[in-house]
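>
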Amino acid sequence: MTETTGTPALTKTTGAGTAAPPEDPGQAPMVEVRGVHKRFGSHEVLRGIDLDVYPGEVTVVLGPSGSGKSTLLRTLNHLEKVDRGQISVDGGLIGYRRVGDRLYELREREILRQRTRIGFVFQNFHLFPHLTVLDNLTEAPVSALGLSRAEAVARADRLLERVGLADKRRAYPRQLSGGQQQRVAIARALALEPRLLLFDEPTSALDPELVGEVLDVIRDLAEQGTTMIVVTHEIGFAREVADTVVFMDEGRIVERGTPAEVLDRPRHERTRAFLSKVL
Amino acid sequence: MSSDTLAHPKVPAAGGPTASPGGPPRIVPQRRYGQWAAALVVLALLGLALNSVVRNDAFQWDVVGDYFTSASVLRGLWLSLWLTAVVMALGFALGTLLAAMRLSTNPVLRAVSWGYVWLFRSMPILVQLLFWFNIGALYPQLFGVKTVDLLGPVTIAIIGLTLHEAAYAAEVVRGGILSVDAGQIEAAQALGLGRLRRWRRIVLPQAMRAIVPPAGNMLIGTLKGTSIVSVIAVQDLLYSVQLVYHRTYQVIPLLLVATLWYVVVTSVLGAGQFYVERHYARGSGRAR
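Line by line, the protein sequences give chains B and C. Per our numbering: the first sequence = residues 1 to 279. Per our numbering: the second sequence = residues 280 to 567.
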């Protein structure tokens, strides 16, 4: 089993409190979401979201389907435009430039540059099927960061080693299992050395027995202090790895706190109702 | 299940499925006698047809042999081949542009592209060629030059066939692009790949899988379709053999010369398509 070599020393002692504690007064948030609204046609998906994520913090977003959690995640790298409100990552406004009391949408080149600092992992992996695993990992560093091919390959090999797939560099995505594909997708996101990683239900498309290997990789990243926002249905994972758990329902953040607060002593009836169904 | 004994009366009733002496019973597939009979009938008819073609002196196979590699026929073949290549290249270049316009967010570009495809698919290619051939009647002068001097028959053939080809190519390319999962473009955007890079590296290579088979069809159709330019006196393969048989009255053997060349080139193109398809099937897990 060479597949687990990339994720050594997995212990259950991580989780709340090991990374930067939430709302550390001495630190500026890495992600600031202020009053974000988003509507698809007549359906209002996000109804005023405020959220802070601090450097090194792992935030897990829970909530029933249709609660807006994936949409929120997609607004963070401007894959989805907001109708109202603003988002900043690392001090920079995402997707817009503020002049006076107006937000002007940025040109595509500038938006693409912002996205290289924000890694995104999709539910269905979205690996490029016509490219080998290695080319999937080198494409963006070469074309978006301007790395040389040799530098990009060295970086890709390092990352494949880290997710335990060094022997798959020449394979095509369809020759891999779902779990392996998602680990490649995580490595592909990491290849840009982003400041922030976003996970959109990274294990929802996987067979149950493959979920563990992907969570191992994410847990490993959490241990190393990567700032992450993870939308998931894996309550156990949230309890173990999250610094902060956010519960969303009907386009609003209902509750936010440590895993112990939100999962064990939920204050809101809707949180309780949701947890009673999924636990 | 004792019904086995009803279906196979020769099996001793006492035996039963579990008691066969020589291990598990052998499986015998259905015998398809009808298939054999049909094959024999078809082969016999094919043999008769072939015999009548080869033995019928009216086909004049010796004349076919004489003209098959004659200079005028080869010149005509060469014209048909490069005309096909030029029309395919220009047609697909224009078609790709039209497809990009049709898929753009700009409503004016979308409408123009739609209108182009609507117009040029509605007009028979023969009508279009005759129209271009008589364009001098509408515009006697172009850029200060007499139109008939500027637009010779070959130029008119290229223009007419290309405009026709582009309308079909646009739909083929558009279909190919639509076959690419939207998630691919989103993933490329999330990785910060620029618009051109997304097209060149992510969308088009994947679209090619859906584009190549109908494009191969179009290539073969275009090769044969170029024979229509014989109506405006362009000396392609068909017109070359026509020039000969108008002189010698050996109509059938010379049409056979043209037919055989079309078959040869089409076969070569079909073989080429196989390799192109295999190239674009990389990573699909189906081919290879």
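Here a beta-carbon is modelled for each residue, glycine too, at the ideal position from N, C-alpha and C.
How is H126/B classed by DSSP in three states: helix, strand or coil?
Position 126 of the first sequence, counting from 1, holds the residue named residue 126/B. Looking at H126/B - three-state DSSP - the assignment turns out to be coil, as it is neither helix nor strand.
> Got a sec? Which residues, its chain only, sit under 8 Å from R567/C by beta carbon, not counting five neighbours each side?
As a position in the second sequence, residue 567/C is number 288, starting the count at 1. With a pLDDT of 37 at R567/C, under the threshold of 50, the modelled position of this residue cannot be trusted; read the value that follows with caution. If we look at R567/C and ignore the five residues flanking it on each side, its Cβ neighbours are R557, A560 and R561.
> For a contact meaning CB atoms closer than 9 Å, what does R113/B contact in chain C?
Within the first sequence, the letter at position 113 stands for residue 113/B. Going along chain C in sequence order, the residues near R113/B (Cβ under 9 Å) are G471.
> Going by Cα to Cα distance, which pick from Q314/C, W315/C, T348/C and V307/C is closest to L533/C?
For the purposes of this step, residue 533/C is identified with residue 254 of the second sequence, where counting begins at 1. The residue with the shortest Cα to Cα distance from L533/C is T348/C.
> Exposed or buried, Y172/B, counting other C-beta atoms within 10 Å across all chains shown (16 or more means buried)?
For this step, residue 172/B is matched to residue 172 along the first sequence. Burial call: buried.
> When you compare the CB of I464/C with every CB in chain B, is at least one pair closer than 7 Å?
As a first step, residue 464/C is located in the second sequence; it is residue number 185 there, counting from the start. Not closer than 7 Å to any Cβ of chain B, the Cβ of I464/C fails to qualify, so no.
> For R174/B, which three-state DSSP category applies?
By 1-based counting over the first sequence, the position of residue 174/B is 174. It is helical.
> What would DSSP say about Q420/C, mapped onto helix, strand or coil?
Here residue 420/C refers to the residue found at position 141 of the second sequence. If DSSP states are grouped into helix, strand and coil, Q420/C belongs with the strands.
> Within the continuous beta strand (DSSP E) that includes V396/C, where are the two ends?
Sequence index remark: in the second sequence, residue 396/C carries index 117 (1-based). V396/C -> not in any beta strand (DSSP E); alpha helix (DSSP H) instead, spanning P386 to S401.
> For the putative contact between K38/B and L46/B, defined by C-beta atoms under 8 Å, what is the C-beta separation to the nearest angstrom?
Residue 38/B sits at position 38 when you count from the first residue of the first sequence. Residue 46/B sits at position 46 when you count from the first residue of the first sequence. At roughly 4 Å, the Cβ-Cβ gap stays under 8 Å, so K38/B and L46/B are in contact.
> Considering only DSSP beta bridges, list what H43/B is partnered with.
Sequence index remark: in the first sequence, residue 43/B carries index 43 (1-based). For H43/B, which the question treats as bridged, DSSP gives the partners F40/B.
> Along the chain, where does the beta strand (DSSP E) containing R97/B start, and where does it finish?
Start at 1 with the first residue of the first sequence, and residue 97/B comes out as number 97. First-last of the beta strand (DSSP E) with R97/B: Y96 to V99.
> Could you tell me the boundaries of the alpha helix (DSSP H) in which S67/B lies?
Numbered from 1 along the first sequence, position 67 holds the residue referred to as residue 67/B. Premise fails: S67/B is in no alpha helix (DSSP H) and is neither H nor E.
> Distance, Cα to Cα, P129/B vs S563/C?
By one-based count along the first sequence, residue 129/B stands at place 129. By one-based count along the second sequence, residue 563/C stands at place 284. Cα-Cα distance, rounded: 7 Å.
> I'd like the span of the beta strand (DSSP E) that includes V520/C, first residue to last.
If you number the second sequence from 1, residue 520/C lands on position 241. First-last for V520/C: L516 to T527, but that is the alpha helix (DSSP H), not the beta strand (DSSP E).
> Can you check DSSP and say which residues form a bridge with E255/B?
Taking the first residue of the first sequence as position 1, residue 255/B is located at position 255. Paired residue(s): F247/B.
> Determine whether the Cβ of W540/C lies closer than 7 Å to any Cβ atom of chain B.
Against the second sequence, residue 540/C aligns to sequence position 261. It does not; no Cβ of chain B falls within 7 Å.
> Could you tell me whether any non-hydrogen atom of the ligand COA is closer than 6 Å to the CB of S563/C?
Absence of the ligand COA is noted for the structure shown, with no ligands found whatsoever.
> What residue ranges within the segment 126-164 of chain B form continuous alpha helix (DSSP H) runs of no fewer than 4 residues, ordered along the chain?
Entirely contained in the segment 126-164 of chain B, the alpha helix (DSSP H) runs reaching 4 residues are, in chain order, 133-144 and 149-162.
> Taking the CB atoms as reference points, tell me whether S70/B and V184/B lie closer together than 7 Å.
For the purposes of this step, residue 70/B is taken as residue 70 along the first sequence, with counting starting at 1. For the purposes of this step, residue 184/B is taken as residue 184 along the first sequence, with counting starting at 1. The answer is no: Cβ separation not under 7 Å.
> Leaving out the 5 sequence neighbours to the left and right, which residues in its chain are closer than 8 Å to E234/B when beta-carbon positions are compared?
The residue labelled residue 234/B in the question sits at position 234 within the first sequence. Excluding residues within five positions, the ones whose Cβ falls inside 8 Å are T203, V211 and L215.
> Are L198/B and L112/B close, meaning C-beta to C-beta below 7 Å?
For this step, residue 198/B is matched to residue 198 along the first sequence. For this step, residue 112/B is matched to residue 112 along the first sequence. Contact flag unset, no.
> Assuming G344/C is part of the alpha helix (DSSP H), what are its boundary residues?
Counting from 1 along the second sequence, the entry for residue 344/C is found at position 65. Unbroken alpha helix (DSSP H) run through G344/C: W340 to F347.
> Can you confirm whether the segment 121-140 of chain B touches the segment 480-497 of chain C when touching is taken to mean that 3 or more C-beta pairs between the two stretches lie within less than 8 Å?
Touching, per the Cβ criterion.
> Please classify T384/C as buried or exposed, where buried requires at least 16 neighbouring CB atoms within 10 angstroms.
Stepping through the second sequence from its first residue, residue 384/C is reached at position 105. T384/C should be labelled exposed.
> When the cut-off is 7 Å and only beta carbons count, does T116/B lie next to chain C?
Numbered from 1 along the first sequence, position 116 holds the residue referred to as residue 116/B. Yes, its Cβ sits closer than 7 Å to a Cβ of chain C.
> Work out the CA separation of V58/B and M30/B for me, nearest whole Å.
As a first step, residue 30/B must be located in the first sequence, where it is residue number 30. As a first step, residue 58/B must be located in the first sequence, where it is residue number 58. Cα-Cα distance, rounded: 12 Å.
> When the cut-off is 7 Å and only beta carbons count, does I87/B lie next to chain C?
Here the question's residue 87/B lines up with position 87 in the first sequence. False, the Cβ-Cβ gap to chain C never drops below 7 Å.
> Taking C-beta pairs closer than 9 Å, name the residues in chain C that Y96/B reaches, listed in chain order.
Translated into positions along the first sequence, residue 96/B becomes position 96. Those do not exist, as Y96/B stays about 17 Å from chain C at its closest Cβ, beyond 9 Å.
> Excluding five sequence neighbours on each side, which residues of the same chain lie with their C-beta closer than 7 Å to the C-beta of T75/B?
Locating residue 75/B in the first sequence gives position 75, where the first residue counts as 1. Counting only Cβ-Cβ distances below 7 Å, and skipping sequence neighbours, we find V36, K38, V82 and I87.
> Of the residues A379/C, V536/C and V555/C, which one's Cα is nearest the Cα of L353/C?
Against the second sequence, residue 353/C aligns to sequence position 74. Closest option to L353/C, Cα to Cα, is V536/C.
> Given that a residue counts as buried once 16 or more other Cβ atoms are within 10 Å of its Cβ, and exposed if not, what is I49/B?
Counting from one through the first sequence, the residue named residue 49/B turns up at place 49. Per the 10 Å Cβ criterion, buried.
> Any C-beta of chain C sitting closer than 7 Å to the C-beta of F274/B?
Translated into positions along the first sequence, residue 274/B becomes position 274. False, the Cβ-Cβ gap to chain C never drops below 7 Å.
> So, L160/B versus A166/B, is the Cβ gap smaller than 7 Å?
Here residue 160/B refers to the residue found at position 160 of the first sequence. Here residue 166/B refers to the residue found at position 166 of the first sequence. Yes, they are a contact pair.
> For H126/B, which residues in chain C fall below 8 Å Cβ to Cβ?
Here residue 126/B refers to the residue found at position 126 of the first sequence. Going along chain C in sequence order, the residues near H126/B (Cβ under 8 Å) are D460, G462, Q463, E465 and A466.
> Please confirm if the segment 314-329 of chain C is in contact with the segment 458-471 of chain C, defined as three or more CB-CB distances below 8 Å between the two stretches.
No, they do not touch.
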